[in-house]
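For the protein sequence lines, the chains are L and Y, in the order given.
For the first sequence, the numbering used here gives the first residue as 244, with consecutive numbering after it.
For the second sequence, the numbering used here gives the first residue as -18, with consecutive numbering after it.
For reference, the structure is listed below as structure tokens.
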Amino acid sequence: MNKNYFEIKNVDFSVGGKTKVKNVSFSIENEGDVICLLGPSGIGKTTILRTIAGLEKIKKGSIKLNGKTISSEHINIEPENRNISLAFQDNSLFPHYTVEKNILLGSNRNKEKSKKRLSLKEIVDLLDIFHILNKYPHEISAGEAQRASLARSLITQPDLLLLDEPLSNVDQSFKEEIQVRLKKILHQLKITTIIVTHDSYEAFYLGSKCGIILNQGLKQFDDPYKVYHFPNSIEVVNFLNRGILIPAKVTGKKTLENWDLGTIEGNFIKEYPKGSNVQLLLQPEDLEHDDTSNLKLEVVDRKFRGTNFIYTLKTPSNTLIPVFVHSHHIHQHEVDEKFGIKRPIHIDHIVCF
Amino acid sequence: MLEYIFNSLILLFSVLIFTFLIGTGSAYLVSFFEFPFSNFFKWALILSFAVPPYIYAYSLTAFFENYGTAYTILKNLFGEANYNESIPKFDGLFGVIISISFSLYAYVYILARASFLYQPQNLIDLGKNLGFTKFKTLYSIILPAARPAIVAGLSLVAMETLAEFGAVDFFSINTLTTGIYNSWIAFDDLAFANQLSFFLLLFIFALFILENLSRKKARYHMNSRGGFKQKQKIKLSGKKAVAAFMFCFLVFFLSFLFPLSQMMYWTIKFPENLFDLKIIDLLINTLYLVVLSSLVLIIFALISNYGNRVTKNKTLNILSTLSISGYAIPGVILAVAFITFIAWFDESIVKTYGFLSIKKVFIGSILGLVIVYFIRFYSLAFNGIKSGYEKINISVDESSYLLGYSKRKTFMNIHIPFLRNSLLFVFILISLEIIRELPITLILRPFNFETFATTAYISASEDLLEAAAVPSLFLILIATSFIIVTSKYILRDKDE
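Encoded structure:
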């Protein structure tokens, strides 16, 4: 018996006759889970949401919700009969109704449902949109429109909530606060949600699982920690753009050797025969700064990121390596200066390709 | 044949030059400058739509003819004398040009003004920054940027000019349109009427393509939300303010006040005409035609637009595009073609199979009138509703489905309330056209069924101009009230 709450099996996602993402399979085990789909713009993330919502049809595979097939080659339940809510990225509010009326239009759905429903007041407080309730969509900012659209989706208490870049137009200063509130409310109401975003931090924070969509395929679907620390392909590494790959040779069960950095110790997440040549994933937090170390590399750039600096160091073989240093570190290194790396180098989990 | 073509071309080009100068000039002044009554002129200049060219022609003749209104004014001011020789005569081809130009320049005015209004302020600032004079900014920045809109306006003027029947007929000018009407009505020469129709349609076809091309380019001027920056109007003072005021006032006076006051003057001077006419009957007939035709047109256009939106069916799309080309075909050709078709169908199909003749059902009947109005004005209804629909993002429909609304409920609860203003606008636009329409009504109307337009035409063609004044005045007043109701849609300003 299939116990997954939501399941996609071998689906090709197409729009206008053009296949955007091929052979996708993933599932959401429990009702109330939140997952995120992460990928660059234009890759087909929105197409996936539109298809799940029933706005696009599929020719291959199947989509099941609560044990019932909602899309397949032969079945296509109309969007209005799915009880799936989609908050569009662009402003899809009804232009001739006020924000309040827009939100209330969604509240008539599923009146018979016994589970706890959000009142208008609760949702207005949650998203801080009281001041725009009586305004028309053309009178509010893009960020406010996005929050209003989110409110309308939340109030319907859907079986599945789909959010397409829900906070892309929300001011940075307000974004984190909304993320916290959104996570809390989704959890409280047990609303199963799929969020599409290109912001990896947002995905890692909101989703209990993250799917990485690249080059017409779902490349990895795992919990955020694993996606970040144990990316399963070079493509995923490049997309997350949080480290570099350097050549290394496996010298033992827990060691490998790099021409520039010398011996590196740690736990391999996958076994390699001694003597294998591999590409080692080096993330900015893997190396530690040590002024007293005799391993010195040249600083070619320094970025201030508030809580830390990211130094870009050049090795003798001209490889550029990123290194995090806490911003309260006693002194800063200028470009062209030498920068010490603590030895022996220890990496908690070694990822190689 | 050559005379018809020559006259039509002279008329066409002269009207185009006049309407360009009046329409673009007044649009430029009210869009970029602030001067006394500039806000009033902004909408007052569209009132000329209420005066069809044939009524303008009656006013022109009434005022300047021997012993006409001009003569009476001079006599009252300076006493009895032979003023007739010194009063200029605006008749013949020149009279037609003036009549059509003052009636139709508003097409150019509305489109040019909309284009000027949406021109980015920074383009104009750039001109200033480069040290351009106002005149250089006008001809090197403003006019080229508004060119597609102006060409679209001029194309509409051109189509209406080639289709114009009333004014041309009144001044007895042989153009393609009057040629078709006369060869068919007076000489029963259908072959010649068809030849003339072919040439007329050829011209119209060329204009139609030109207009479509320029319309496509005109989309360039549409701004997305937030991209519109209200232009800072230049405040004029002194002589410049007076000159701008005088220009706009003169255009307003000549295009609207002059024919209106002339018709009022005659109505008051010959009050017996007011009582002779069955005003209530005319009003009922006119409104009956207007309401019936508008409703039929709107219902079909609404269903067709909705079908296109929901099914995205290519065949339906092509059919819709074809069905809107009727507006380009002059009313007189449509009416003649309709009668010819019904007669042929009746003779070769209906009678052959022994059915009763259908001629009476379609010719000289309200049904026939509504059908031909439908062909002629379907594009107004279709495009008007289409432009309303284009403002509803498709994701709005999708959101509605996702909120559990069916397609029917989405149509009723989301589309219809949203399109309410567009539907009203389309209704009034069609009404305005039907009230002013002459050749179709004249040819296809039932026996003894008169409207304000046909009554005015018949009186004028019987040389009873003073009797034409009363229906003309009523026509102007009804059309004016319609225009005032829709002015805020016609002059859609983002800053208002």
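Every residue, glycine too, gets a C-beta built ideally from N, C-alpha and C.
Computed from a predicted model, the values in this text were never measured in an experiment.
Interface partners of residue i on chain L, CB under 9 Å
| i | result |
| --- | --- |
| residue 379 of chain Y | 293, 296, 298, 322, 329, 331 and 335 |
Contact set between residue i and chain Y, taken where Cβ atoms lie within less than 7 Å
| i | result |
| --- | --- |
| residue 348 of chain L | 384 |
| residue 339 of chain L | 398 and 399 |
Beta carbon proximity, residue i to chain L, threshold 8 Å
| i | result |
| --- | --- |
| residue 399 of chain Y | yes |
| residue 289 of chain Y | no |
| residue 387 of chain Y | yes |
| residue 469 of chain Y | no |
Below-8 Å beta-carbon distance, residue i vs any chain Y residue
| i | result |
| --- | --- |
| residue 399 of chain L | yes |
| residue 409 of chain L | no |
First through last residue of the beta strand (DSSP E) which encompasses residue i
| i | result |
| --- | --- |
| residue 565 of chain L | 563 to 569 |
| residue 300 of chain L | That residue, residue 300 of chain L, is in no beta strand (DSSP E); it is neither H nor E in DSSP. |
| residue 507 of chain L | 505 to 511 |
| residue 255 of chain L | 249 to 258 |
| residue 311 of chain L | 311 to 315 |
| residue 543 of chain L | 538 to 547 |
| residue 202 of chain L | This structure cannot speak to residue 202 of chain L, because chain L is shown only from 244 to 596. |
Span of the alpha helix (DSSP H), counted from its first residue to its last, around residue i
| i | result |
| --- | --- |
| residue 271 of chain Y | 260 to 292 |
| residue 270 of chain L | It is not in any alpha helix (DSSP H) - residue 270 of chain L instead sits in the beta strand (DSSP E) that spans 261 to 271. |
| residue 479 of chain Y | Residue 479 of chain Y is absent from the structure shown; chain Y starts at -18 and stops at 477. |
| residue 407 of chain Y | 397 to 417 |
Reduced DSSP category for residue i - H, G, I as helix; E, B as strand; rest coil
| i | result |
| --- | --- |
| residue 472 of chain L | helix |
| residue 413 of chain L | coil |
| residue 378 of chain Y | helix |
| residue 218 of chain Y | coil |
| residue 202 of chain Y | Low confidence applies here, because residue 202 of chain Y scores a pLDDT of 40, under 50, leaving its location unreliable; read the following figure in that light. Residue 202 of chain Y: helix per DSSP, three-state reduction. |
| residue 377 of chain L | coil |
| residue 649 of chain L | A question about residue 649 of chain L goes unanswered here, because the residues of chain L that appear run from 244 up to 596. |
| residue 330 of chain L | strand |
| residue 462 of chain Y | helix |
| residue 452 of chain L | strand |
| residue 529 of chain L | coil |
| residue 121 of chain Y | helix |
| residue 354 of chain Y | helix |
| residue 586 of chain L | coil |
| residue 370 of chain Y | helix |
| residue 128 of chain Y | helix |
| residue 434 of chain L | coil |
| residue 554 of chain L | strand |
| residue 484 of chain L | coil |
| residue 501 of chain L | strand |
| residue 275 of chain L | coil |
Closer than 8 Å at the beta carbon, the chain L residues around residue i
| i | result |
| --- | --- |
| residue 27 of chain Y | Within chain L, no residue comes near residue 27 of chain Y; the closest Cβ sits about 25 Å away, beyond 8 Å. |
Listed by chain order, chain L residues near residue i by CB distance under 7 Å
| i | result |
| --- | --- |
| residue 376 of chain Y | 331, 333 and 335 |
| residue 395 of chain Y | 337 |
task: Jot down the residue ranges of each uninterrupted alpha helix (DSSP H) in the stretch 294 to 349 of chain Y, minimum 4 residues, whole runs only, in chain order.
output: 295 to 304, 312 to 326 and 340 to 343
query: Which whole runs of the alpha helix (DSSP H) in the stretch 24 to 94 of chain Y are 4 residues long or more, in chain order?
result: 34 to 45 and 50 to 59
Start-end ranges of the alpha helix (DSSP H) lying completely within the stretch 227 to 256 of chain Y, minimum 4 residues: 239 to 250
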